Amino acid sequence: MSTVKQLKLAPGVHAEDVVQELEGFTDGKARVVVIEAGATQDFGAWPGELVRWLWQDYPLPVIFAFDKQLIGEEAALALGCDIRICDEGAAIQLNGGTMDKLTAARACTLLQLETVESIPAKLTGAQALEDGLVSRVGPKGSARELAKEVAEVIATRGPIATRLAKEALWRGLNQPLEQALRFETDLTLLLQATKDRQEGVRAFLEKRPPKFIGE
Amino acid sequence: MADPVLFAIDDRGIATITLNRPERLNAINMMMRDLLWEYLQACRDHPDVRAVCFRGEGRAFSAGADISEFGTAPSLWESRQARHERDVWGLMLSLPMPLVARMHGFCFGAGLELPLCCDVRIAASGTQFALPEVALGYIPSAGGTQTLPRTIPPGAASDLILTGEPVGTEEALRWGLINRVVSEKDLDKAIEEELGRVLEGDPDLKKLNLQ
Numbered sequence: 001m002s003t004v005k006q007l008k009l010a011p012g013v014h015a016e017d018v019v020q021e022l023e024g025f026t027d028g029k030a031r032v033v034v035i036e037a038g039a040t041q042d043f044g045a046w047p048g049e050l051v052r053w054l055w056q057d058y059p060l061p062v063i064f065a066f067d068k069q070l071i072g073e074e075a076a077l078a079l080g081c082d083i084r085i086c087d088e089g090a091a092i093q094l095n096g097g098t099m100d101k102l103t104a105a106r107a108c109t110l111l112q113l114e115t116v117e118s119i120p121a122k123l124t125g126a127q128a129l130e131d132g133l134v135s136r137v138g139p140k141g142s143a144r145e146l147a148k149e150v151a152e153v154i155a156t157r158g159p160i161a162t163r164l165a166k167e168a169l170w171r172g173l174n175q176p177l178e179q180a181l182r183f184e185t186d187l188t189l190l191l192q193a194t195k196d197r198q199e200g201v202r203a204f205l206e207k208r209p210p211k212f213i214g215e
Numbered sequence: 001m002a003d004p005v006l007f008a009i010d011d012r013g014i015a016t017i018t019l020n021r022p023e024r025l026n027a028i029n030m031m032m033r034d035l036l037w038e039y040l041q042a043c044r045d046h047p048d049v050r051a052v053c054f055r056g057e058g059r060a061f062s063a064g065a066d067i068s069e070f071g072t073a074p075s076l077w078e079s080r081q082a083r084h085e086r087d088v089w090g091l092m093l094s095l096p097m098p099l100v101a102r103m104h105g106f107c108f109g110a111g112l113e114l115p116l117c118c119d120v121r122i123a124a125s126g127t128q129f130a131l132p133e134v135a136l137g138y139i140p141s142a143g144g145t146q147t148l149p150r151t152i153p154p155g156a157a158s159d160l161i162l163t164g165e166p167v168g169t170e171e172a173l174r175w176g177l178i179n180r181v182v183s184e185k186d187l188d189k190a191i192e193e194e195l196g197r198v199l200e201g202d203p204d205l206k207k208l209n210l211q
């Protein structure tokens, strides 16, 4: 069974369906999720609570792939994901004025902005890459494949490590640096007690690919 | 055996800390951590030190932590205690003078996390940067999960941390992971220029202030 879960936002899909699907992936087998854009206007609300749930509480790394202009609630969903990947024709319309507080705060964090007023109304793929809002831009029509490739890479990594790395990153960012560094240390020590960490080190020293079991 | 970390202070007040284990691509072991701790304390306490420059001997700045020493701590508790008592990275972040990293070859794992505690990072073209820890079943543990997303856009940081894949100087420069790229033959000259700015008290050179 594939450890990469893919979720295509088909026209007519509703936000509640997405939440349900995502929750279904947390059964222990999946290691990473790719969400592909494609929702239409009847998608429904993706409020700040869900944005925060995705980056702060959802355990799996989530990649959002898009090759079109991302607007409204679909853009809000993308902001909650850990990694965004698009093609060169894509754009993202953020419209800080209509975002709720939590979504706007997330946009500010990702764009390293001090104020909501500084959020640009629209970013092309190239601008989004320059600003780090997306981390990879591929040729036209390639976002889905590119996202899948990245997901396959993450799926080979230690699954507990990627969960804790995600937690360290996003939860640590809200803490003062000194406290955040201690948080990282504690998560590191938690990992030291896992079989996966022992396997990772052993595999490296034996020059072979690791076989992580998620324990 | 040569000392795995070299330390010198010149008559201008520039302290140079050199990772000197080139046969292991300057993989940072416990002895090196102890020496770094000692030399960083010397930088903090020596009244004449005005800047610190970090460099790596051989073909890489540093390939990261020495994995062959992993799992040798007597217990998790003692490991935690040792990290807190000898917090090399916290000490680097608290030093009052500017820190400059001369980067080349590979800057992987702790070999990237150390420069992330510096104020200025200058790299030779062709340098590769990565936090590959998740590929070995652990996470960056020299501050990288916290310093990287405070240095480059967090969305880009999450890609680097979750995939463990390396990036080159183009991406590194785009996102502010490094301040400047020069050819390897011009690297020492660029570092000297930067240190010159420090000595002249260039007001544009801000001390790193990660929050």
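Line by line, the protein sequences give chains A and B. First residue of the first sequence: 1, per our numbering; consecutive thereafter. First residue of the second sequence: 1, per our numbering; consecutive thereafter. Heads up, the beta-carbon is just placed ideally off N, CA and C, and yes, glycines get one too. Remember, it's a predicted structure, so these values are computed and weren't measured experimentally.
Return no unless some Cβ of chain A is closer than 8 Å to the Cβ of residue i.
i	result
B:Trp175	yes
B:Tyr39	no
B:Val134	yes
B:Ile139	yes
B:Thr127	no
B:Gly143	yes
If I'm right that residue i touches residue j with Cβ under 8 Å, what's the distance once you round it to whole angstroms?
i	j	result
B:Ile28	A:Val201	So it is not a contact: roughly 15 Å between Cβ atoms.
B:Asn53	B:Ile9	This sequence places Cys at residue 53 of chain B; Asn is not what is there. Rounded, the Cβ-Cβ distance is 11 Å, inconsistent with contact.
A:Ala218	A:Phe66	Any question about residue 218 of chain A goes unanswered here, given that chain A covers just 1 to 215.
A:Arg84	A:Val134	4 Å
B:Leu92	B:Leu35	Contrary to the premise, residue 92 of chain B reads as Met rather than Leu in this sequence. Between B:Leu35 and B:Met92 the Cβ distance is about 14 Å, and since that is not below 8 Å, they are no contact.
A:Gly132	A:Val116	No, A:Gly132 and A:Val116 are not in contact; Cβ-Cβ is about 18 Å, not under 8 Å.
B:Ala172	B:Phe129	5 Å
B:Leu162	A:Pro209	B:Leu162 to A:Pro209, Cβ: 18 Å. No contact.
A:Asp82	A:Trp55	7 Å
B:Thr18	B:Val5	7 Å
B:Val198	B:Arg50	7 Å
A:Leu9	A:Ala39	4 Å
Could you tell me whether the Cβ atoms of residue i and residue j are closer together than 8 Å?
i	j	result
A:Ile92	A:Cys108	no
A:Gly158	A:Phe212	yes
B:Pro153	B:Val120	no
B:Ala60	B:Phe7	no
B:Thr169	B:Ala123	yes
B:Ala110	B:Ala73	no
B:Ser75	A:Thr185	no
A:Ile63	A:Ala126	no
A:Leu173	A:Leu191	no
A:Leu7	A:Glu21	yes
B:Trp89	B:Cys117	yes
B:Ala135	B:Gly176	no
A:Ala37	A:Glu88	no
A:Glu215	A:Thr188	no
A:Leu102	A:Val19	no
A:Asp100	B:Gly137	no
B:Thr145	A:Ala161	no
A:Ala155	A:Val4	yes
Measuring only between beta-carbons, confirm whether residue i sits less than 8 Å from chain B.
i	result
A:Gln56	no
A:Leu279	Outside the modelled stretch of chain A, which goes from 1 to 215, sits residue 279 of chain A, for which no answer is possible.
A:Lys166	yes
A:Thr188	yes
A:Val201	yes
A:Pro59	no
A:Glu130	yes
A:Pro210	yes
A:Leu50	no
A:Phe66	no
A:Val134	yes
A:Glu184	yes
A:Ala45	no
A:Arg31	no
A:Phe219	Because chain A is modelled from 1 through 215, residue 219 of chain A falls outside the range shown and cannot be assessed.
Kindly indicate which three-state DSSP category residue i falls into: helix, strand or coil?
i	result
A:Ser212	Reading the sequence as shown, one finds Phe at residue 212 of chain A and not Ser. If DSSP states are grouped into helix, strand and coil, A:Phe212 belongs with coil.
A:Phe25	coil
B:Thr72	coil
A:Gly80	helix
B:Ala42	helix
B:Phe7	strand
A:Arg182	helix
A:Leu111	helix
B:Arg86	coil
A:Thr194	coil
B:Ser94	helix
B:Glu200	coil
Contact set between the stretch 148 to 171 of chain B and chain E, restricted to residues whose Cβ is under 9 Å from the partner: No chain E appears in the structure shown, which is made up of the protein chains A and B.
Closer than 9 Å, Cβ to Cβ, to anything on chain A: give me those residues from the stretch 62 to 92 of chain B, in chain order. Within the stretch 62 to 92 of chain B, the qualifying residues are Ile67, Ser68, Phe70, Gly71, Ala73, Leu76, Trp77, Ser79, Arg80, Arg83, His84, Asp87, Trp89 and Gly90.
Listed from N- to C-terminal order along the chain, which residues in the stretch 146 to 159 of chain A have their beta-carbon within a distance smaller than 8 Å of any beta-carbon of chain B? The residues in question are Val150, Val153, Ile154, Thr156, Arg157 and Gly158.
The stretch 83 to 94 of chain A: positions lying closer than 9 Å to chain B by Cβ: Taking 9 Å as the upper bound on Cβ-Cβ separation, chain B lies near residues Ile83, Arg84 and Ile85 of the stretch 83 to 94 of chain A.
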